[in-house]
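Peer 1:
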Amino acid sequence: MFTLSEDDPQKMLDALAQLAGEHFELAERQRAALAAAEGVARSGPVELAVGPDGSLSRVEIEGDVDRLSPAMLRNYLMEAYREAAQLANRACAASVVDPGASETIRRSMPEELAEEDGDDCAVLPPGPERSYTLDDLPEDPEFERLLTRMDSSDAQEVLAELKAAAGLENFDFNRPAEQIQAEIIADAQRLARGAEEVGPELRALRVTHDTEHLTVTIGAWGQIHDLTIRPAALRLDAQQLAEAIVAGVREAEGVAAREARALLSASGIYDPQDPSLAVLEVRAAQ
């Protein structure tokens, strides 16, 4: 049994560096897993690539667009999208590092996209254990400022600032590690319950967005529920139309992400530093 003592700021910083290093490694592995979990499908002249959260990442259209009606093009797009989304979701369920992130995404998706179990995909192996120091962490100007102050002022005061920045003002480190671990587990369970409760609301979220060339209905994580091609879109060539579709979907994703972020924030589980939710920050800024 050991105790993290705030009477030894350097020891505290070393412990925090280890936790932060493990967090960053997990985040990078999770991002790599999500990036690899892509589904690609084709229907007629349309090929789509879809991310593990159901978001559209690429559209390619072959041939002359003016030979297609808006209804035909819409059917090709949605058929390819559904197949690609199922493939991507299956890969996500099996390869994402954090099971909680996978479950949150799956709970927010339409049932026809979330039903895949991912048995045919390999789970990423855990990374090797290693020790981290402050030098191993990504550059952070604010953190560097505090470290400089450690050498020239009251270390306890700086440690208090670090705790406040991490939202740990009232967290007591002066106790056995087993007690700290139990509290962390209890907090994680609380967040899991919050994720379970907000899941149905995320699944029901719909945002309909109109552009010159299409009308698209988007879900919480960017999943396409419906897409209608406007007649004006058929005046574009195949590449221009593909770009217009992706651009219109991106705009809708930004609106949906802001609404999803509001739901998560109200549930008490939203953390903009959580790598599994970072996609909302990117899309909400669109």
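Letter by letter, the sequence shown follows residues 0 to 285 of numbering that gives the first Met the number 0.
Heads up, the beta-carbon is just placed ideally off N, CA and C, and yes, glycines get one too.
Note that the structure is a prediction, hence the values are computed from the model and not measured.
Assuming A48 contacts V39 (C-beta within less than 8 angstroms), just tell me the rounded distance between them.
Peer 2: Sequence index remark: in the sequence shown, residue 48 carries index 49 (1-based). Sequence index remark: in the sequence shown, residue 39 carries index 40 (1-based). The pair is a contact, with the Cβ atoms about 5 angstroms apart (cut-off 8 angstroms).
Peer 1: At a cut of 8 angstroms, does the stretch 258 to 266 reach the stretch 81 to 92 through at least three beta carbon pairs?
Peer 2: no
Peer 1: What is the C-beta distance between V197 and A255, in whole angstroms, given that I count them as a contact (C-beta under 8 angstroms)?
Peer 2: In the sequence shown, residue 197 corresponds to position 198, counting from 1. In the sequence shown, residue 255 corresponds to position 256, counting from 1. The C-beta separation of V197 from A255 comes to about 15 angstroms, leaving the pair out of contact by the 8 angstroms criterion.
Peer 1: Could you check the C-alpha separation between P69 and Y75 for me, to the nearest Å?
Peer 2: Locating residue 69 in the sequence shown gives position 70, counting from the first residue. Locating residue 75 in the sequence shown gives position 76, counting from the first residue. Roughly 10 angstroms separates the two Cα atoms.
Peer 1: For D225, collect the residues of the same chain with a Cβ closer than 6 angstroms to its Cβ; drop the 5 residues on either side in sequence, then sort them by chain order.
Peer 2: Translated into positions along the sequence shown, residue 225 becomes position 226. The residues are T216.
Peer 1: Who pairs with H212 in a beta bridge, going by DSSP?
Peer 2: Here the question's residue 212 lines up with position 213 in the sequence shown. DSSP lists no partner for H212.
Peer 1: Let me confirm a value: L181 is counted as buried when at least 16 other C-beta atoms fall within 10 Å, else exposed. Which label applies?
Peer 2: For the purposes of this step, residue 181 is identified with residue 182 of the sequence shown, where counting begins at 1. Reading off the sequence shown, one finds Ala at residue 181, where the question assumed Leu. Exposed, since its Cβ has fewer than 16 Cβ neighbours within 10 Å.
Peer 1: Along the chain, where does the beta strand (DSSP E) that runs through A48 open and close?
Peer 2: For the purposes of this step, residue 48 is taken as the residue at position 49 of the sequence shown. Counting along the chain, the beta strand (DSSP E) containing A48 begins and ends at 45 to 49.
Peer 1: Considering only the beta carbon of each residue, do T210 and E242 sit closer than 8 angstroms?
Peer 2: In the sequence shown, counting from the first residue as 1, residue 210 sits at position 211. In the sequence shown, counting from the first residue as 1, residue 242 sits at position 243. No, Cβ-Cβ distance for T210 and E242 is not below 8 angstroms.
Peer 1: Hey, I184 and L72: beta-carbon distance below 8 angstroms or not?
Peer 2: As a position in the sequence shown, residue 184 is number 185, starting the count at 1. As a position in the sequence shown, residue 72 is number 73, starting the count at 1. Going by C-beta atoms, I184 is not nearer than 8 angstroms to L72.
Peer 1: What is the residue span of the alpha helix (DSSP H) that R249 lies within?
Peer 2: On the sequence shown, position 250 is the one that residue 249 refers to. Here the alpha helix (DSSP H) through R249 covers 237 to 266.
Peer 1: How would you call D118, buried or exposed, if buried means at least 16 neighbouring beta carbons within 10 angstroms?
Peer 2: By 1-based counting over the sequence shown, the position of residue 118 is 119. Annotation note: pLDDT 42 at D118 (below 50); position unreliable, coordinate value reported separately. Classification for D118: exposed.
Peer 1: Answer with buried or exposed for L279, where buried requires no fewer than 16 other C-beta atoms within 10 angstroms of its C-beta.
Peer 2: What you label residue 279 is simply residue 280 of the sequence shown in a count that begins at 1. Any reading at L279 needs caution, since the residue's pLDDT is 48, under 50, leaving its predicted position unreliable; the model's value is listed next. Buried, because 16 or more other Cβ atoms sit within 10 Å of the Cβ of L279.
Peer 1: Could you tell me the distance, in whole angstroms, from the CA atom of L213 to the CA atom of A231?
Peer 2: Numbered from 1 along the sequence shown, position 214 holds the residue referred to as residue 213. Numbered from 1 along the sequence shown, position 232 holds the residue referred to as residue 231. Rounded to the nearest angstrom, the two C-alpha atoms are 9 angstroms apart.
Peer 1: Going by C-alpha to C-alpha distance, which of Q238, G62, P199 sits closest to A219?
Peer 2: Position 220 of the sequence shown, counted from the first residue, corresponds to residue 219. Of Q238, G62, P199, the residue nearest in Cα terms is P199.
Peer 1: Note down, in chain order, each residue of its chain lying with its Cβ closer than 7 angstroms to the Cβ of G50, except the 5 sequence neighbours on either side.
Peer 2: Your numbering for residue 50 matches position 51 in the sequence shown. Cβ within range, chain order: E37, S56, A87.
Peer 1: What residues match up with E59 in a beta bridge as DSSP calls it?
Peer 2: As a working note, residue 59 is residue 60 in the sequence shown. E46.
Peer 1: Taking a contact to mean a Cβ-Cβ separation below 8 angstroms, would you say A79 touches S42 in this structure?
Peer 2: Within the sequence shown, residue 79 is the residue found at index 80, counting from 1. Within the sequence shown, residue 42 is the residue found at index 43, counting from 1. Against a cut-off of 8 angstroms, the Cβ pair of S42 and A79 comes out as a contact.
Peer 1: Since I believe L233 is in contact with D65 (beta carbons under 8 angstroms), could you give me their beta-carbon distance rounded to a whole number of angstroms?
Peer 2: Counting from 1 along the sequence shown, the entry for residue 65 is found at position 66. Counting from 1 along the sequence shown, the entry for residue 233 is found at position 234. At roughly 6 angstroms, the Cβ-Cβ gap stays under 8 angstroms, so D65 and L233 are in contact.
Peer 1: Measuring only the C-alpha atoms, how far is C120 from S54?
Peer 2: On the sequence shown, position 121 is the one that residue 120 refers to. On the sequence shown, position 55 is the one that residue 54 refers to. Annotation note: pLDDT 38 at C120 (below 50); position unreliable, coordinate value reported separately. Straight-line Cα distance between these residues: approximately 20 angstroms.
Peer 1: For E27, which residues of its own chain have a beta-carbon under 6 angstroms away from its beta-carbon, when the five flanking residues on both sides are left out?
Peer 2: Here residue 27 corresponds to residue number 28 of the sequence shown, with the count starting at 1. Residues of the same chain with a CB within less than 6 angstroms of the CB of E27, apart from the 5 flanking positions on each side, do not exist.
Peer 1: For a quick check, are the C-beta atoms of I60 and A237 less than 8 angstroms apart?
Peer 2: Residue 60 sits at position 61 when you count from the first residue of the sequence shown. Residue 237 sits at position 238 when you count from the first residue of the sequence shown. Yes.
Peer 1: Just the C-alpha distance for E82 and P175, rounded to the nearest angstrom, thanks.
Peer 2: Looking up residue 82 in the sequence shown gives position 83. Looking up residue 175 in the sequence shown gives position 176. Each residue's alpha carbon lies about 51 angstroms from the other.
Peer 1: Tell me the rounded alpha-carbon separation between H208 and Q222.
Peer 2: For the purposes of this step, residue 208 is identified with residue 209 of the sequence shown, where counting begins at 1. For the purposes of this step, residue 222 is identified with residue 223 of the sequence shown, where counting begins at 1. For H208 and Q222, the distance between alpha carbons rounds to 13 angstroms.
Peer 1: Classify L226 as helix, strand or coil using the three-state DSSP reduction.
Peer 2: Taking the first residue of the sequence shown as position 1, residue 226 is located at position 227. Residue state, collapsed to three classes: strand.
Peer 1: Does R205 come out as helix, strand or coil in the three-state DSSP assignment?
Peer 2: Taking the sequence shown and counting its residues from 1, one reaches residue 205 at position 206. R205 falls in the coil class under three-state DSSP.
Peer 1: Whose C-beta lies closer than 6 angstroms to the C-beta of V45 among residues of the same chain, with five residues either side of it excluded?
Peer 2: Position 46 of the sequence shown, counted from the first residue, corresponds to residue 45. The residues are I60, Y75, L76, A79.
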